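Counting with this note's numbering, you get residues 37 to 152 for the letters of the sequence shown. The C-beta atom is built at its ideal place from N, Cα and C for all residues, glycine as well. Values in this document were obtained by computation on a predicted structure and should not be read as measured data.
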Amino acid sequence: MKVRRFTVADASFARSPGQEDEVYTANLVDQRDGAPITIGYGRWAAGSELTETMAVDDIMIVLEGELSVTSDGETHRAGPGAIVHMPKGEKVTIRANAQGAVTAYVTYPHWQEAQG
């Protein structure tokens, strides 16, 4: 594998599997590339929400907008430049604010394989 550079314009978003709200993902590097991690972008519509127990370690970087991440009764607000680590096994609720959000993510191992 060689060095590659990505921007949001390179992303092809699809609704995140199993989600009813408007939460979209776009993997840019994953198992198909032989990489040990998945790298991509997320797009969150205004007010969208996702609740799940993390199947992988997930690192999310907020690029635009704002999200809140709640786990164990504690809520963390994350705006542009913030990094949120959601460890495997943690139950989290992620909510987008009124403007929605764009994020970048890195997961280990691959989130699509972990979902079965």
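From which residue to which residue does the beta strand (DSSP E) around A114 run?
E110 to A114
Based on the DSSP secondary-structure assignment, which residues constitute the bridge partners of I119?
I97
V88 versus D94 - alpha carbon distance:
Here residue 88 turns out to be Glu, not Val, going by the sequence shown. Roughly 12 Å separates the two Cα atoms.
With a threshold of 7 Å between beta-carbons, can R51 be considered close to chain B, or not?
Judged by its chain identifiers, the structure shown contains no chain B, having just a single protein chain.
Three or more beta-carbon pairs under 8 Å between the stretch 100-113 and the stretch 127-136, yes or no?
yes
For E102, which residues does DSSP report across the bridge?
DSSP, once it has assigned bridges, lists no residue as partnering E102.
Express the C-alpha separation of P53 and T143 in angstroms, rounding to a whole number.
16 Å
So, for G125: in the same chain, excluding its five sequence neighbours on each side, which residues have a beta-carbon less than 7 Å away from its beta-carbon?
T89 and M90
Would you give the residue range spanned by the beta strand (DSSP E) that T135 belongs to?
This sequence places Gln at residue 135; Thr is not what is there. Counting along the chain, the beta strand (DSSP E) containing Q135 begins and ends at K127 to Y144.
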